[in-house]
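Participant:
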Amino acid sequence: MKVGLPKGLLYYRYHPFFKTFFEELGAELITSEDTNKKVMDAGIRCCTSEACLPIKIFHGHVDALKNQCDLMVVPRIMKVSNNEYICPHLCSLPEMVVHSMDHLPPVTYQSLYFNSQKQLFHWAKDVGKLITPKRSAIEIAFNHALDRQANYKRTIDQSQYSYKILLVGHDYNLYDKYVNMNIIRKLNDLNLGVISSDSIGNGILNKYIKKLPRKPFWYYYRQAYGSAAFLIEKGEIDGIIFISCFSCGIDAVITEAIKDDMSSLPLLLVKLDEHSGDAGLDTRLEAFSDMLARSNTHHKKRRI
Amino acid sequence: MTVTVPHYGNSFIGLKVLFDALGINYVIPPRSNQTALDLGVLHSPEEICNPFKLMLGNYIQSIERGADTIIIIATNGPCRFGEYASLQQRLLKKAGYSAQFIILNTQSGKKALFEGIKKIGSHSSCSTFQKMKALLLAITAISLMDRIEIKLRYCSGYEKNKGECKRLLQSCYEAVVQTNSAKDAVKILKSFKHSIKSLPLDYNKKPLKIAIIGEIYTISDPFSSNHIEDQLMDIGISTTRSLTPTWWLKDSVLKPFKLNSLSMHRAAKEYIYTCAGGYTRETVGKALLAFKKGYDGAIQVFPVGCTPEVIAKPILEKISSDKSFPILTLIVDEMTGEEGFITRVEAFTDMLERRREKCII
Ligand code: SF4
Ligand code: SF4
Numbered sequence: 018m019k020v021g022l023p024k025g026l027l028y029y030r031y032h033p034f035f036k037t038f039f040e041e042l043g044a045e046l047i048t049s050e051d052t053n054k055k056v057m058d059a060g061i062r063c064c065t066s067e068a069c070l071p072i073k074i075f076h077g078h079v080d081a082l083k084n085q086c087d088l089m090v091v092p093r094i095m096k097v098s099n100n101e102y103i104c105p106h107l108c109s110l111p112e113m114v115v116h117s118m119d120h121l122p123p124v125t126y127q128s129l130y131f132n133s134q135k136q137l138f139h140w141a142k143d144v145g146k147l148i149t150p151k152r153s154a155i156e157i158a159f160n161h162a163l164d165r166q167a168n169y170k171r172t173i174d175q176s177q178y179s180y181k182i183l184l185v186g187h188d189y190n191l192y193d194k195y196v197n198m199n200i201i202r203k204l205n206d207l208n209l210g211v212i213s214s215d216s217i218g219n220g221i222l223n224k225y226i227k228k229l230p231r232k233p234f235w236y237y238y239r240q241a242y243g244s245a246a247f248l249i250e251k252g253e254i255d256g257i258i259f260i261s262c263f264s265c266g267i268d269a270v271i272t273e274a275i276k277d278d279m280s281s282l283p284l285l286l287v288k289l290d291e292h293s294g295d296a297g298l299d300t301r302l303e304a305f306s307d308m309l310a311r312s313n314t315h316h317k318k319r320r321i
Numbered sequence: 110m111t112v113t114v115p116h117y118g119n120s121f122i123g124l125k126v127l128f129d130a131l132g133i134n135y136v137i138p139p140r141s142n143q144t145a146l147d148l149g150v151l152h153s154p155e156e157i158c159n160p161f162k163l164m165l166g167n168y169i170q171s172i173e174r175g176a177d178t179i180i181i182i183a184t185n186g187p188c189r190f191g192e193y194a195s196l197q198q199r200l201l202k203k204a205g206y207s208a209q210f211i212i213l214n215t216q217s218g219k220k221a222l223f224e225g226i227k228k229i230g231s232h233s234s235c236s237t238f239q240k241m242k243a244l245l246l247a248i249t250a251i252s253l254m255d256r257i258e259i260k261l262r263y264c265s266g267y268e269k270n271k272g273e274c275k276r277l278l279q280s281c282y283e284a285v286v287q288t289n290s291a292k293d294a295v296k297i298l299k300s301f302k303h304s305i306k307s308l309p310l311d312y313n314k315k316p317l318k319i320a321i322i323g324e325i326y327t328i329s330d331p332f333s334s335n336h337i338e339d340q341l342m343d344i345g346i347s348t349t350r351s352l353t354p355t356w357w358l359k360d361s362v363l364k365p366f367k368l369n370s371l372s373m374h375r376a377a378k379e380y381i382y383t384c385a386g387g388y389t390r391e392t393v394g395k396a397l398l399a400f401k402k403g404y405d406g407a408i409q410v411f412p413v414g415c416t417p418e419v420i421a422k423p424i425l426e427k428i429s430s431d432k433s434f435p436i437l438t439l440i441v442d443e444m445t446g447e448e449g450f451i452t453r454v455e456a457f458t459d460m461l462e463r464r465r466e467k468c469i470i
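As structure tokens, then:
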């Protein structure tokens, strides 16, 4: 059995889990290529035009795989942490994909709860059944997948550059190089190091969101706000870059809070959609880096 | 203390009755209008959805009329409504308006709702018994208003005297806000409901029937939906709307028990396999119910950038082609004028008319 795993959305967060699980069950796993122009164009063609860029790109990856596999993984990720939500789009992904595209192989429409091992196993059981009747094999694969996921570390924390920037955003915007126009490389070339918003632990995040009047109910809100507040207080960063998407309701709210409460540091908002251009980004990053240099000498002078 | 509430369809009728019965000072903001929207747009981030901006405009217009306390319900779901309150608080402060917020969290459902009502009630000199009675009156009023509206919008397709349903609905709205007595308000509503019975109707007519589906705030608010329901009423089309404030009240309270909108959910099952965020499932379910009940078509209305409805859109397109059931999608933003809207609705109803003629032949 050939299983297709589209390289979009939370693939960047959970691919070790999916890969290990399906491979251990003996399925042949086919992953789509890295995002590229063809994938993006296919996504724009298949997906409803009002959706955000990451959702369109996911559709593009599905399109690239649909003729090569017997089962398509379209993860319906409901939660990644307790008492918090992610995005309605991620909870309805199978419906969106299935009803927008033709000639699809069967897709996995079961729900994934990454905050609860017990509930996650339900997913494994139901999906595993499609590949093997052996329950014990599913259990073993599931446990290995969990281990692999737990040992997987992908966060970025570079300290060999003269400045350090907190890069805030959803996993798929931080790690999909095509979508973010290779922003990390570009920053490094300007001698700016990067720490990613997902590199701060839960305990710290919880402590630093206390400044908000009410606990945010989106996971990414807590992550963005908490990591920024913490790193500013520690004096570890010189600026913040927020990669967000057009027509993303969640990003709109987070942006506002960050703009207001983190105004002590230079902030750059990079908004992505299918028209974002490379050249424009270069200019903005250079301007940002110049600004850092200026405000920093300022700092030093004052300190003397 | 002078309280105010944002507009939410016709819910202000119920809230007015509640405040009157409790003897609390209040300001009901002018019904959503261009000024409210302009004010909201001025002080909101661009990307946020229209209901948010309108509500912010409501607050400002109320504050200008003497309100100092804003009551808002923050439902928790994966959509933005839940984050509204804290962001609005932030923005009002930035814009230089001072007002206190009473946020009723319905995160834990029923309990929180009652907590909040207790909080508001503490500013009233009524006894607990009277407070309970006030709540009951308010609920009666709002469900009466909803029922009157639903009935009249449906009957308008069958009316003998053109425009009568619309006139009756308008005078009902006008009459009920005249009084400051909760009991009278309920009485007025009851008499209006009664007078529907004597409306001359012609059941031999076969009017077009259209279901209005989509984002709940927008379809319940005439200004936001560019008066689409009134427009359809004018040309003698019967409409029904999937979601009303009463439904939402029930939903907020009953969700912990999973009792509400069972029929919509059952209908949606064919296309939605599990609970999707926001009210996607209601929108899809309602479209399918309308199809099963023999409606001629459906119109989906939602504000630009509304996540749950964006999800519903491709699903509705699929339904439309699977069942050959016409569905028109209208997206509202600050820019779209009413005219463009009207033309599209007209083209849609013309198409439905033609379709029907073809079927008869
Ligand atoms: S969180 Fe925003 S960017 Fe991500 S899928 Fe949802 S709408 Fe799109
Ligand atoms: S349902 Fe739509 S309009 Fe309502 S808060 Fe969510 S995104 Fe905004």
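Chains as they are written, first to last, in the working numbering: chain G, 18 to 321; chain S, 110 to 470. Note that the Cβ used here is the ideal one computed from N, Cα and C, for glycine as well. Since this is a predicted model, take the numbers as computed values, not measurements.
In three-state terms, what does DSSP make of Y135(S)?
Facilitator: Looking at Y135(S) - three-state DSSP - the assignment turns out to be strand.
Participant: At the level of alpha carbons, what is the spacing between R319(G) and I182(G)?
Facilitator: With a pLDDT of 35 at R319(G), under the threshold of 50, the modelled position of this residue cannot be trusted; read the value that follows with caution. Computed Cα separation, rounded: 22 Å.
Participant: Of the residues F35(G), S66(G), F75(G) and N160(G), which one's Cα is nearest the Cα of T52(G)?
Facilitator: For T52(G), the nearest C-alpha among the options comes from F75(G).
Participant: Using a threshold of 8 Å, state whether the C-beta atoms of V79(G) and P23(G) are closer than that.
Facilitator: Cβ distance < 8 Å, so V79(G) and P23(G) count as in contact.
Participant: The alpha helix (DSSP H) that contains E156(G), what's its start and end?
Facilitator: Run containing E156(G): R152 to A167, per the alpha helix (DSSP H) assignment.
Participant: Where does I260(G) fall in DSSP's three states?
Facilitator: In this structure, I260(G) counts as strand in the three-state DSSP scheme.
Participant: Flag L26(G) as yes if its beta-carbon sits less than 8 Å from any beta-carbon of chain S, otherwise no.
Facilitator: No, no contact with chain S.
Participant: Would you report the Cα separation of T173(G) and I325(S), rounded to the nearest angstrom?
Facilitator: Checking the sequence shown, residue 173(G) turns out to be Ile, not Thr. Distance between the alpha carbons of I173(G) and I325(S): 41 Å.
Participant: Can you give me the Cβ contacts of K367(S) inside the same chain, cut-off strictly under 6 Å, excluding the 5 residues immediately before and after it?
Facilitator: Caution is warranted here: a pLDDT of 47 is assigned to K367(S), below 50, making its placement in the model unreliable, and the coordinate value is therefore given only provisionally. Counting only Cβ-Cβ distances below 6 Å, and skipping sequence neighbours, we find nothing.
Participant: Buried or exposed for R262(S), please, with buried defined as at least 16 other CB atoms from any protein chain shown within 10 angstroms of its CB.
Facilitator: Per the 10 Å Cβ criterion, buried.
Participant: How about I346(S) and T458(S): are their beta carbons less than 8 Å apart?
Facilitator: Yes, the Cβ-Cβ distance between I346(S) and T458(S) is below 8 Å.
Participant: Quick check: E283(S) and C274(S), are their CB atoms within less than 8 Å of each other?
Facilitator: In this structure, C274(S) does not lie closer than 8 Å to E283(S) by Cβ.
Participant: Could you give the first and the last residue of the continuous beta strand (DSSP E) run that contains K96(G)?
Facilitator: K96(G) -> beta strand (DSSP E) spans R93 to K96.
Participant: In angstroms with no decimal places, state the Cα-to-Cα distance between H316(G) and L207(G).
Facilitator: Since pLDDT at H316(G) reaches only 47, below the 50 mark, its modelled position is unreliable, and no value is offered.
Participant: Leaving out five residues on either side along the sequence, give the residues of the same chain with a beta carbon under 6 Å from the beta carbon of N167(S).
Facilitator: Once the five neighbours on either side are set aside, the close Cβ partners of N167(S) are P115, H116, P138 and A145.
Participant: Work out the CA separation of L70(G) and L129(G) for me, nearest whole Å.
Facilitator: Straight-line Cα distance between these residues: approximately 22 Å.
Participant: On the DSSP letters alone, give me the boundaries of the alpha helix (DSSP H) that F39(G) sits inside.
Facilitator: Element bounds for F39(G): Y28 to E41.
Participant: Might you give, ordered along the chain, the residues of its own chain that have their beta carbon closer than 6 Å to the beta carbon of R165(G), omitting 5 neighbours on each side?
Facilitator: If we look at R165(G) and ignore the five residues flanking it on each side, its Cβ neighbours are P33 and T37.
Participant: Given N216(G), which residues of its chain have a CB within under 6 Å of its CB, disregarding the five upstream and five downstream residues?
Facilitator: The question names Asn, but residue 216(G) in the sequence shown is Ser. Correct list, in chain order: T172 and D174.
Participant: Starting from the N-terminal side, write out each stretch of the alpha helix (DSSP H) that is 4 residues or longer and does not extend beyond the region 274-305 of chain G.
Facilitator: Qualifying alpha helix (DSSP H) stretches: none in this window.
Participant: Using 8 Å as the cut-off, can you tell me whether the region 280-299 of chain S makes contact with the region 333-349 of chain S, which would need three or more C-beta pairs spanning the two stretches below that distance?
Facilitator: In short, these stretches do not touch, since the Cβ pair count stays below three.
Participant: For K422(S), does the count of other Cβ atoms within 10 angstroms reach 16, so buried, or fall short, so exposed?
Facilitator: With 16 or more Cβ atoms within 10 Å of its Cβ, K422(S) is classed as buried.
Participant: Please give the ranges of any alpha helix (DSSP H) in the region 42-128 of chain G, keeping only runs that are unbroken, at least 4 residues long and fully inside the region.
Facilitator: Fully enclosed alpha helix (DSSP H) runs of 4 or longer: 54-63, 70-82, 105-108 and 110-117.
Participant: Based on the DSSP output, what are the partners of P412(S) in its beta bridges?
Facilitator: According to DSSP, which records beta bridges pairwise, P412(S) is partnered with V441(S).
Participant: Where does the unbroken beta strand (DSSP E) through S347(S) begin, and where does it stop?
Facilitator: Run containing S347(S): S347 to R350, per the beta strand (DSSP E) assignment.
Participant: Could you tell me the distance, in whole angstroms, from the CA atom of I200(G) to the CA atom of S195(S)?
Facilitator: Each residue's Cα considered, the two are about 32 Å apart.
Participant: The alpha helix (DSSP H) with L22(G) in it runs from where to where?
Facilitator: Not the alpha helix (DSSP H): L22(G) falls in the beta strand (DSSP E), residues K19 to L22.
Participant: Could you say which of G243(G), V211(G), T65(G) and L309(G) lies nearest to M222(G) if we only look at CA atoms?
Facilitator: Met is not the amino acid found at residue 222(G); the sequence shown has Leu there. Ranking G243(G), V211(G), T65(G) and L309(G) by Cα distance to L222(G) puts G243(G) first.
Participant: By a C-beta neighbour count over all protein chains shown, 10 Å radius and 16 as the cutoff for buried, is I251(S) buried or exposed?
Facilitator: With 16 or more Cβ atoms within 10 Å of its Cβ, I251(S) is classed as buried.
Participant: Kindly examine ligand 1 and report whether one of its heavy atoms sits closer than 7 Å to the Cβ of I74(G).
Facilitator: No; taking the cut-off as 7 Å, the Cβ of I74(G) has no heavy atom of ligand 1 nearer than that.
Participant: So, helix, strand or coil for Y404(S), using DSSP?
Facilitator: Coil at Y404(S), not helix or strand.
Participant: Who are the Cβ neighbours of L245(S) in its own chain at under 8 Å, not counting the five residues just before and after it?
Facilitator: Same-chain partners within the cutoff: there are none.
Participant: Just checking my contact of I133(S) with S233(S) at CB under 8 Å: how many whole Å lie between their CB atoms?
Facilitator: Indeed they touch by this definition, with Cβ atoms about 5 Å apart.
Participant: Considering just the uninterrupted stretch of the alpha helix (DSSP H) at N241(G), what are its terminal residues?
Facilitator: Correcting the residue identity first, residue 241(G) is Ala in this sequence and not Asn. Its alpha helix (DSSP H) spans residues Y236 to K251.
Participant: Less than 8 Å separating the beta-carbons of Q240(G) and S280(G)?
Facilitator: It is not a contact, given that the beta carbons lie outside the stated cut-off.
Participant: Consider the Cβ of R199(S): report whether some Cβ of chain G lies at a distance smaller than 8 Å.
Facilitator: Yes, R199(S) lies at the interface with chain G (some Cβ there is under 8 Å from its Cβ).
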